[in-house]
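The sequence shown begins at 1 in our numbering and counts up by one.
Idealized CB from N, CA, C, for every residue including glycine.
Structure record follows, encoded as structure tokens.
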Amino acid sequence: MPQINQDLLLNLIPHLETWWGVLEVIVAAIGLFLVVSGLVGLSGRQDGGKKRALLTLIAGTLMLNAPSLLDAFAQTLFTQNSAEVLSYHPPDSNPASGYIRLAVLAVALTGLIGVARGLYLMRLSPGEGGGLARALVHMTGGVICVNLVEFLKLLAASLGGDVEILVTSILG
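Encoded structure:
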């Protein structure tokens, strides 16, 4: 029976990998909508709406360039591109390598959504549930989720000892 579960799991992983590109396209489409909304808002005659329109334009532009922004954050923090999570494979000696790869992909997809949500929240005022602080928290958490393996290796290296050995044996 465990073999059947493992086969189902291995069949699920390629389907999760394809969602990375789909989510990038969805984020870009939302970004395009925000850019157009920001430009329309900037062309209006309202004084109070100019700041919001500018923030919407900036958020839309960043969402259009979300893969590059994500790579810039990842290069800064972890010296690797964010899309490398798609090519991650845990050590074959680990019997739970399929589960680990599935978990890493699921967390990475959640992180990509978190970065997109942070960029979207950037355009909202704090009274509307947005604001720069909340947006930065979502973006930072998203970048950490997308680069979970490198983050855990970095954390384990800073703790050292048995923790580093354990994380290295599990994640590679």
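Hey, how far is the Cα of residue 38 from the Cα of residue 57?
-> In the sequence shown, counting from the first residue as 1, residue 38 sits at position 38. In the sequence shown, counting from the first residue as 1, residue 57 sits at position 57. Between residue 38 and residue 57, the alpha-carbon positions lie close to 4 Å from each other.
Using a threshold of 8 Å, state whether the C-beta atoms of residue 27 and residue 116 are closer than that.
-> Residue 27 sits at position 27 when you count from the first residue of the sequence shown. Residue 116 sits at position 116 when you count from the first residue of the sequence shown. Closer than 8 Å, so yes.
Touching or not, the region 117-124 and the region 61-73, by the rule of three or more beta carbon pairs under 8 Å?
-> The region 117-124, when compared against the region 61-73, does touch it at the 8 Å Cβ threshold.
Proximity of residue 135 and residue 118 at Cβ, strictly below 8 Å = Locating residue 135 in the sequence shown gives position 135, counting from the first residue. Locating residue 118 in the sequence shown gives position 118, counting from the first residue. Yes; because the gap between Cβ atoms is below 8 Å, this pair is in contact.
Cutoff 8 Å; reference residue 109; Cβ partners in own chain excluding five residues on either side = Here residue 109 refers to the residue found at position 109 when the sequence shown is read from its first residue. The beta carbon of residue 109 lies closer than 8 Å to those of 16, 19, 20 and 23 in the same chain, with the five residues before and after it left out.
Pick from 106, 77, 66 and 73: whose alpha carbon is nearest that of residue 88?
-> Reading the sequence shown from its first residue, position 88 is the one you call residue 88. Answer by Cα proximity: 106.
Supposed contact pair residue 149 and residue 171 - C-beta distance, whole angstroms, cut 8 Å | Position 171 of the sequence shown holds residue 171. Position 149 of the sequence shown holds residue 149. Indeed they touch by this definition, with Cβ atoms about 5 Å apart.
What is the DSSP secondary structure of residue 88, counted as helix, strand or coil?
-> As a working note, residue 88 is residue 88 in the sequence shown. Coil, per DSSP.
Excluding the 5 residues preceding and the 5 following residue 40 in the sequence, name in chain order all residues of the same chain whose CB lies nearer than 7 Å to its CB.
-> Here residue 40 is taken as the residue at index 40 of the sequence shown, counted from 1. For residue 40, same chain residues with a beta-carbon under 7 Å away, outside a window of 5 residues either side, do not exist.
Decide if residue 9 is buried, meaning its Cβ has at least 16 other Cβ atoms within 10 Å, or exposed.
-> If you number the sequence shown from 1, residue 9 lands on position 9. With fewer than 16 other beta carbons inside 10 angstroms of its own, residue 9 counts as exposed.
If you follow the alpha helix (DSSP H) that residue 139 is part of, which residue opens it and which one closes it?
-> Taking the first residue of the sequence shown as position 1, residue 139 is located at position 139. Judged by DSSP secondary structure, residue 139 falls within the alpha helix (DSSP H) whose first and last residues are 132-146.
How far does the alpha helix (DSSP H) with residue 75 in it reach, from first residue to last?
-> Residue mapping note: residue 75 aligns to position 75 of the sequence shown, counting from 1. For residue 75, the enclosing alpha helix (DSSP H) stretches over residues 66-78.
Cβ shell of residue 50 (< 7 Å), same chain only, five flanking positions each side left out = Sequence index remark: in the sequence shown, residue 50 carries index 50 (1-based). Within the same chain, residue 50 has close Cβ partners 42.
Boundaries of the alpha helix (DSSP H) in which residue 117 is found, first to last residue = Sequence index remark: in the sequence shown, residue 117 carries index 117 (1-based). It spans 97-121 - the alpha helix (DSSP H) in which residue 117 sits, taken as one unbroken run.
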